[in-house]
Amino acid sequence: MKFLALITVLFILPAHPGIARNHTYVHEELSKSEQHYKIATRAYRTGDYATALMYLRSLAKQNHKKAQGTLGWMYEAGKGVQRDYIMAFVWYDVAVANGHKKAHRNRNS
2 MKFLALITVL
12 FILPAHPGIA
22 RNHTYVHEEL
32 SKSEQHYKIA
42 TRAYRTGDYA
52 TALMYLRSLA
62 KQNHKKAQGT
72 LGWMYEAGKG
82 VQRDYIMAFV
92 WYDVAVANGH
102 KKAHRNRNS
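Numbering (my numbering), first residue to last: 2 to 110.
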C-alpha cells in the first residue's frame, strides 16, 4: 500500500503547476552566450579565426567581457586580423570597463 501511495505521489507532483514551472529561462539565455564563447575559443584554438571572430564580435557587442578581452588579444597578436595595437587597446579597455581582470593586465602591458 505504501508503495502504491509513493508511486501516486511521484506521478502527481510533477504535474502540479507550482513544481512544473520553467525556472530556467534566464539560465538558458546565459548558457547560450557561454556556449557561443566556447565555440569561439575552440575555433580560435584550432586556427579557424574567421569563425572565432564571427562569434566573438557578436558576443562583444552584447557586452560579453571575455569575448571583448579575447578580441583584444586577437588584434594584439594579429590572429585572424591584421595586427592593430590601437584596436587591441580599445577592446581591452572595453573589457576592463566590464570588469575583465586579465584585460586590465594586457591593456597596461
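Heads up, the beta-carbon is just placed ideally off N, CA and C, and yes, glycines get one too.
As the structure is a prediction and not an experimental result, all values here were calculated from the model.
DSSP places residue 94 within a helical segment (H, G or I) once states are collapsed to three. Going by C-alpha positions, residue 92 is about 17 Å away from residue 45. About 3 Å separates the CB atoms of residue 50 and residue 81; that is less than 8 Å, so the two are in contact. Distance between residue 69 and residue 41, taken at the CA atoms: about 12 Å.
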